[in-house]
Structure formats: C-alpha cells, structure tokens
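Per my numbering, the sequence shown starts with residue 3, numbered consecutively.
Where is the CB? At the ideal position from N, CA and C, for every residue including glycine.
Reading through the structure tokens given below for one structure.
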Amino acid sequence: MNIQEVAKLAKVSVSTVSKIINGKDNDISEPTRKRVLKIVEEQNYIPYAKYRMKEGMANRLVGLVIPGNNSYYGVLIAMIEEALRERGYRLVVYTVSEMDAKVLDEALEQLWKRGVIGVLVNGTLAASHVPENCKAVYFTETEEFDQRQQNTFYFRKYEAGRLAAEALLEAGHRKIGCILEQSEQNILNGIEAVFRERQLPEGDLVSYLGKDREDLWKNGTGFCMTDNVSAMICGSSEITGMVLEYAGKTGIQAPQELSIVCMEEQDILEYMAGGIASVKYPLQQMTASAVHHLLQMITEKKECEIARKFFPVLQKRGSIRKNEEGQRGGKIVVVGSMNIDNVIEGVRIPVNGETHIADNILVMPGGKGGNQAVGVGKLGGRAYMIGRIGKDADGKLLFKGLSDCGVYMDGVEFDDQLSSGQAFVHLDREGENTIVVYRGANGNLDGAQLERHGEVFQNAKYCLISSEISMETIRAAKKHCRKNQTEMILKPSALEEIEEDILEGIDYLVPNEKEMEQICPGNMPLEEKADRLLANGVKNVIVTLGKQGSYLKNKAHSIYFPSAPFTAIDSTGGADSFISAMAFSLSEGNELVYSIIYATYAAGITVTRYGVQEAMPDKKTIGIYIEEMERKYREIKEII
Ligand code: RIB
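So this is what it looks like as structure tokens:
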C-alpha cells in the first residue's frame with residue numbers, strides 16, 4: 003500500500019493524506035482526518051516504506067520479537083546478537099508478554115517503523131501482516147507446529163527428554179525420578195514415551211512438575227527422592243543444585259548412589275559433584291541458521307522457504323553411573339586379552355602344501371579375557387575388565403560387545419600403535435578347535451596400565467587372569483591382587499613354558515589337559531601332576547577335560563566331575579565360560595564343589611552354539627538347570 007492508494011480509497015488528494023500523517027492538518031476537517039486515519043490503520047499503511055527500507059539497509063538493523071517470559075531469553079539474545087554482529091548487523095529487541103497474532107503484527111509494525119530490514123520471531127505463530135519488504139524468520143522450541151509454515155527453525159524438548167531417559171535406562175537404572183518446572187511438560191512427554199516404548203511399569207518413573215522454586219524445593223525433591231530412585235532427571239541447573247542439596251542432607255552419595263542428568267547445559271555443571279551430565283539444546287546452531295537464512299533473504303532477495311529441525315545432544319559427564327542393582331555377587335576383575343576371532347570351519351588344518359576348502363567362516367568377538375568378562379556379565383555378575391584394544395573398528399566392536407553385557411570398562415585402554423588382537427580359530431567337524439593368536443594391542447597391556455587403574459582392584463573378590471598377555475603383566479596383576487586380598491584364578495594358555503614364580507600363590511589354576519602337560523610334562527597320572535602344582539604353591543588345581551568333565555585337586559579333595567548332558571558343536575571358549583561361571587558362583591558365596599558343577603553347565607551350554615560371547619548363557623538360561631545342578635551337588639557331596 004502506498005500514499006496514492008490511501009488517497010484514492012479516502013477520496014482525498016495525496017497532499018491531504020501527507021498533511022494528516024505528518025500532523026500538519028489544522029486546515030483539514032475532523033471527519034476527513036478520521037476517515038484517512040481509519041484507512042491508514044485498516045490497510046496497515048507504513049509511511050515512507052521505501053525510504054525506511056533504504057534507511058534500514060544503511061543502519062543494518064534486524065529486529066527480534068521474543069516473549070519476555072522465555073527462560074533462556076538472555077542466552078538467546080546474546081547468541082543472536084553475536085551472529086548478527088559477525089555479519090555487520092545490529093539488533094533491536096521487542097519483548098511481548100504473550101504472543102498472539104495481533105501482538106505479533108503490532109510488534110512487526112513497530113520494529114519496521116524503527117527501520118529494521120528483517121525480523122526474527124521466537125515462536126512458530128506466523129504474522130498475518132508482515133510489512134512490505136520486511137522479511138520474517140521464525141525459530142523456537144516446539145512440540146508440534148503447522149509443518150507447512152516456512153522459514154522456521156526449531157527443535158523439540160520432547161527429544162531432549164527422550165535422550166535423558168534413554169541414557170539412564172541404558173546405564174541400568176530402572177527407577178528414575180524427574181523434577182521439572184510446569185512449563186516443561188514437553189520434556190516429560192519424551193521421557194514417558196521412552197518408558198512406554200520399553201513397556202516399563204508406570205511406577206518406575208516418579209515425576210514432579212513444580213509451579214515455582216519453592217514448590218520444587220519443598221515438595222518436588224522429597225516426592226521424587228524418597229521413592230528409592232537410583233537416578234534423577236532435573237529440569238535446570240538450579241533444580242540439580244536442589245537435588246544435590248537434598249541428597250547431601252539425606253546421606254545419598256551422588257553420583258555413586260544417584261545418577262543425574264540436567265536438562266539444561268551450563269558451564270557450572272562441569273564443577274558440580276564431579277561433573278553433571280546434561281542435555282544441550284541446539285540453540286546456537288538454530289539461531290545461527292535462522293540469522294543466516296534471514297540475511298540471505300534480505301541481501302540476496304532469496305525467497306527459498308524452509309523449515310529446519312535441530313537436535314539436542316547429550317553432554318556426557320561422570321554423573322551417569324552404571325546401576326549395579328540387579329547385579330549379584332562380589333566384584334570380579336578380569337585381566338586378559340580381547341581378540342577378534344576369525345573362525346574357519348573345515349575338515350582339518352591343512353599340512354605340507356595342502357589346500358582345503360573351508361565349510362564355513364565366521365568373525366566374532368573373543369579373547370580369553372573378553373570372553374570371561376562377558377561370561378560373568380551375562381550371568382548377572384560384576385565384571386571389571388582391564389585390557390587393551392586397538393584404535394580401530396575391531397576395538398570399538400570389542401568395547402561395545404563387553405559394555406553391552408554390563409562389563410565395567412574403566413580399565414580398558416585403546417592403543418595408539420597396535421591394532422586389536424586377532425585369533426585364528428580352526429574348528430573341525432567334531433567341534434574341536436585349535437587357535438593361533440596375534441596379540442596386537444593385548445601385548446601392550448603392561449604394569450603401568452594396571453597401575454593407572456589400580457582402584458579397579460579395590461574390594462575385588464576374584465581376579466581372572468589369562469596368559470595371552472605378557473608374564474610381566476601377570477606378575478603386576480598378582481601384586482595388585484595380593485595388596486587387595488583378591489583371589490586369583492589363572493588360565494595358563496598360549497605358554498611355551500611357565501616360570502615357577504607365576505604359579506606361586508595362585509588360588510585356582512584352571513588348565514586343560516594340553517596346558518597341564520606343558521606346565522607339568524612327563525608320563526605320570528593327572529593326580530600326581532596336580533599334586534606337584536599344589537607343592538609349587540597353587541591352592542586349587544582344576545583341569546578341564548572337555549567331554550570327560552573336569553578334575554579338582556586341593557588339600558581336601560580329589561574329585562572327577564562328569565560333563566554336563568549337552569552335545570558340543572563348537573568347543574571354543576568352553577573353558578572361558580567354565581572359569582567365568584565358577585568365579586561368579588564363588589563370588590556369590592557358593593562353595594567350590596557347587597561352583598564347579600555350575601561352571602560345567604555354563605560351559606556345556608556355551609559349546610552347543612557357535613562362537614563364545616554370543617553362546618554364553620545368561621541368568622535365565624542357566625536358571626533352567628538349577629534343580630539338576632543341585633541334585634548333582636547332593637550326589638557328589640554324599641561320596642566325598
Ligand atoms: O578361549 C577361546 C579364546 O581364545 C578365543 O576367543 C580366542 O580369541 C583366544 O583368545
């Protein structure tokens with residue numbers, strides 16, 4: 003609309019309109035003045051629009067319409083101002099108490115009169131009257147909006163809620179508290195959606211939407227935190243402070259006993275309780291993109307219209323702890339190898355110039371240490387791995403495989419120089435295996451790494467050591483075990499010879515027949531060989547005999563145990579399964595004879611399937627055989 007059109011509508015001359023809008027209207031009758039002003043208002047006529055446009059370009063002013071009640075108001079303004087300043091523009095802020103169509107139109111008009119060339123609107127509500135030549139871009143956090151609306155940049159707090167809930171559930175938390183301000187219903191919707199999708203009981207989420215600070219402090223913290231929750235989702239750093247204060251007063255240690263995720267990223271979180279994890283909203287990216295798009299529309303007269311979505315990210319810090327609830331038994335440290343197993347199934351290993359066609363090949367995670375840790379983890383035990391893997395895809399796969407089974411990985415390091423260990427496993431048609439191991443990164447697991455993770459040994463009941471790592475590392479592990487009164491279970495594999503001091507003080511030595519032969523060569527009965535090892539300072543010798551079961555020798559007993567009633571198709575890792583199950587059972591306080599029976603069943607189940615880690619039984623699977631195992635235990639007890 004221009005001045006000529008207003009004049010035409012009002013049936014007056016252009017000079018009459020000009021006089022009226024410039025206040026020089028003494029000689030104009032009152033009815034004419036009113037008629038002209040009514041048309042000006044109805045038609046939303048902005049005098050000197052073109053001139054203002056030019057002036058705006060010269061002033062390089064951009065407007066921002068923002069609700070005054072926005073909690074991140076200050077942060078947003080600072081971000082937008084910076085993005086504009088970098089491009090040589092200045093900001094004019096217009097706050098509104100509540101955003102509705104009328105208010106927004108008024109805001110745009112006012113800003114336009116002040117000479118802005120474009121406007122950023124915090125919200126998705128579209129203006130119905132954008133002044134001629136003025137461009138508007140919308141940005142906001144929103145749950146839902148009309149997807150047809152263009153020039154809109156947005157993210158969803160709903161997704162932020164999902165991220166927080168998923169992180170805590172992945173860490174094993176089941177009962178989670180959540181304190182938010184009433185305005186943050188979107189976050190709660192996201193959290194509840196995750197609980198619903200995982201079919202978790204409603205009562206496992208204890209949420210409180212507080213109306214103000216006092217309400218949150220007086221009612222919210224107590225409401226959520228008395229209900230046995232092991233993790234909290236807090237709406238802001240302020241609420242996080244309240245939760246920490248409440249935890250301190252009630253003797254709950256955070257993060258050891260209470261994991262926390264804050265739904266707002268703030269620098270201060272890094273210093274609270276050793277680092278509070280948070281969900282960071284994509285404000286910076288969103289506002290920078292909105293500014294960039296607006297300036298493009300203005301300067302390049304681009305009318306490309308887009309709606310772009312941004313995503314919150316989880317800022318990981320130490321406040322998300324694995325929840326040990328649901329895990330049983332004492333702490334078990336595993337010091338050993340992690341390998342990728344390259345399995346070739348075929349009739350036999352070729353010799354002297356022969357070439358064979360393989361029946362099958364498989365690639366799977368393995369390594370004696372990794373297998374044993376997974377074995378403990380799957381049975382519901384508390385396994386802590388200390389080992390070394392390459393900085394490669396195999397390393398990542400191994401790491402993920404173990405942590406997915408609930409193994410604590412604080413003691414695992416990625417090696418800069420060597421690739422992850424590889425094992426080449428030949429499997430014959432009877433399910434028997436032979437293995438060649440390339441140590442790779444496992445070879446760099448040394449005493450210094452054990453020293454760096456010395457705290458992992460604290461309060462450990464058992465340490466599982468296997469000898470695909472160096473003798474020096476085994477010696478270092480023994481030192482930590484002695485210091486912490488941790489019992490040692492050694493699997494002596496891949497050895498050409500074993501130095502005597504390695505065996506001294508070992509609580510449980512678990513060789514197979516071949517390994518027994520290497521440690522104790524000579525033509526004598528197994529019992530006699532075991533006696534020799536006892537004389538060398540080993541406290542219990544347990545020889546795994548494959549289909550024949552196992553043999554235990556210690557000061558009190560000399561017992562042959564039958565194998566479990568399963569048919570083996572892949573014997574690889576049977577001994578790792580045996581050792582991990584025996585250690586788990588011992589760590590639960592069971593006696594050795596029962597633990598060997600339990601281990602025999604675990605190994606028996608493992609060898610009925612291909613691979614090792616995949617094949618190892620979990621709590622439920624082994625649980626099926628509990629009665630049978632107890633019966634066998636009673637039978638053996640009657641004869642010893
Ligand atoms: O005990 C079986 C394991 O020995 C395999 O997984 C292989 O990696 C080797 O370490």
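Query - Those runs of the beta strand (DSSP E) which lie wholly inside the segment 359–393 and span at least 3 residues - result: Counting whole runs of 3 or more residues, the segment 359–393 contains the beta strand (DSSP E) stretches 362–368, 383–392.
Query raised in the report: If Asp509 sits next to Ile491, beta carbons under 8 Å apart, how far is it from one beta carbon to the other, in whole angstroms?
Result: At roughly 7 Å, the Cβ-Cβ gap stays under 8 Å, so Asp509 and Ile491 are in contact.
Requested in this report: Have a look at the DSSP bridge pairing and note the partners of Thr301.
Outcome: DSSP lists no partner for Thr301.
Query raised in the report: How big is the Cα-Cα spacing for Gly408 and Lys380?
Result: So the two alpha carbons sit approximately 8 Å from each other.
Requested in this report: Answer with buried or exposed for Ile581, where buried requires no fewer than 16 other C-beta atoms within 10 angstroms of its C-beta.
Outcome: buried
Requested in this report: Can you say whether Thr608 is buried or exposed, counting buried as having 16 or more other CB atoms within 10 angstroms of its CB?
Outcome: buried
Query raised in the report: Closer than 8 Å: is that where the CB of Ser495 sits relative to any heavy atom of the ligand RIB?
Result: yes
Query raised in the report: Would you say the segment 24–41 touches the segment 61–68, given that touching needs at least three Cβ pairs under 8 Å?
Result: no
Query - Per DSSP, cross-strand counterpart(s) of Asn435 - result: Leu429
Report task. Just the C-alpha distance for Lys115 and Asn4, rounded to the nearest angstrom, thanks. Result -> 15 Å
Query raised in the report: Thinking C-beta only, is Leu364 closer than 9 Å to Ser261?
Result: no
Report task. Please name the residue, chosen from Ser405, Asn344, Ala479, Gln424, that lies closest to Gly507 on a Cα-to-Cα basis. Result -> The candidate whose alpha carbon is nearest that of Gly507 is Ala479.
Report task. Report the residue ranges of all beta strand (DSSP E) runs contained in full by the segment 323–349; include only those spanning at least 3 residues, in chain order. Result -> 330–337, 341–347
Query raised in the report: If you run the structure through DSSP and keep just helix, strand and coil, what is Lys26?
Result: coil
Report task. On a CA-only basis, which of Glu84, Arg89, Leu106 is nearest Pro69? Give me that one, please. Result -> Leu106
Query raised in the report: Would DSSP call Phe155 helix, strand or coil?
Result: Here Phe155 sits in strand by DSSP.
Query raised in the report: Can you name, in chain order, every residue of its own chain whose Cβ lies under 6 Å from the Cβ of Gly332, other than the five neighbours on each side?
Result: Lys463, Ser589
**Report entry** Rounded separation between Gly76 and Gly90 - CA only
**Finding:** Near 21 Å, if we compare the C-alpha coordinates of Gly90 and Gly76.
Query raised in the report: For Phe426, which residues from the same chain have a beta carbon less than 6 Å from its beta carbon, with the 5 sequence-adjacent residues on both sides left out?
Result: Around Phe426: Asn344, Val438.
Requested in this report: Compare the Cα-Cα distances from Thr488 to each of Thr623, Glu347, Val336 and report the closest residue.
Outcome: Val336
Report task. Could you give the DSSP three-state label for Glu168: helix, strand or coil? Result -> helix
Query raised in the report: What separation, rounded to the nearest whole angstrom, lies between the Cα atoms of Thr569 and Asn373?
Result: Between the alpha carbons of Thr569 and Asn373 lies a gap of roughly 21 Å.
Query raised in the report: Using a Cβ-Cβ cut-off of 6 Å (strictly less than) and excluding sequence neighbours within five positions of Pro619, which residues of its own chain qualify?
Result: Ala604, Ile607
Query raised in the report: Taking the runs of the alpha helix (DSSP H) that are 4 residues or longer, which of them lie wholly in the segment 415–497?
Result: 449–454, 473–486
Report task. Tell me whether Pro217 sits in a helix, a strand or coil according to DSSP, three-state version. Result -> The residue asked about is misnamed: residue 217 is Asp in this sequence, not Pro. Reduced to three states, the DSSP call for Asp217 is helix.
Query raised in the report: Touching or not, the segment 242–261 and the segment 186–202, by the rule of three or more beta carbon pairs under 8 Å?
Result: no
Report task. Kindly indicate the opening and closing residues of the alpha helix (DSSP H) around Phe312. Result -> Not the alpha helix (DSSP H): Phe312 falls in the beta strand (DSSP E), residues 309–312.
Query raised in the report: Among residues of its own chain, excluding the 5 on either side of His428, which ones have a beta-carbon nearer than 6 Å to its beta-carbon?
Result: Ile346, Ile351, Thr436
Query raised in the report: Helix, strand or coil: how does DSSP classify Ala617 here?
Result: coil
Report task. Would you be able to state if there are at least three C-beta pairs under 8 Å between the segment 212–220 and the segment 262–272? Result -> no
Query raised in the report: Among Glu519, Gly368, Gly383, which residue has its Cα nearest to the Cα of Asp578?
Result: Taking only the C-alpha atoms, the option nearest Asp578 is Gly368.
**Report entry** Unbroken alpha helix (DSSP H) run spanning Val595, endpoints
**Finding:** According to the DSSP assignment, Val595 belongs to the alpha helix (DSSP H) that extends over 594–608.
Query raised in the report: Which value, in whole angstroms, describes the spacing of the CA atoms of Gly389 and Lys137?
Result: 59 Å
Query - Three-state secondary structure assigned by DSSP to Leu260 - result: In this structure, Leu260 counts as coil in the three-state DSSP scheme.
Requested in this report: Verify the contact flag: Ser469, CB atom, against every heavy atom of the ligand RIB, threshold strictly below 8 Å.
Outcome: no
Query raised in the report: Buried or exposed: which applies to Val281, given that a residue is buried once 16 or more other Cβ atoms fall within 10 Å of its Cβ?
Result: Buried, by the Cβ-count rule.
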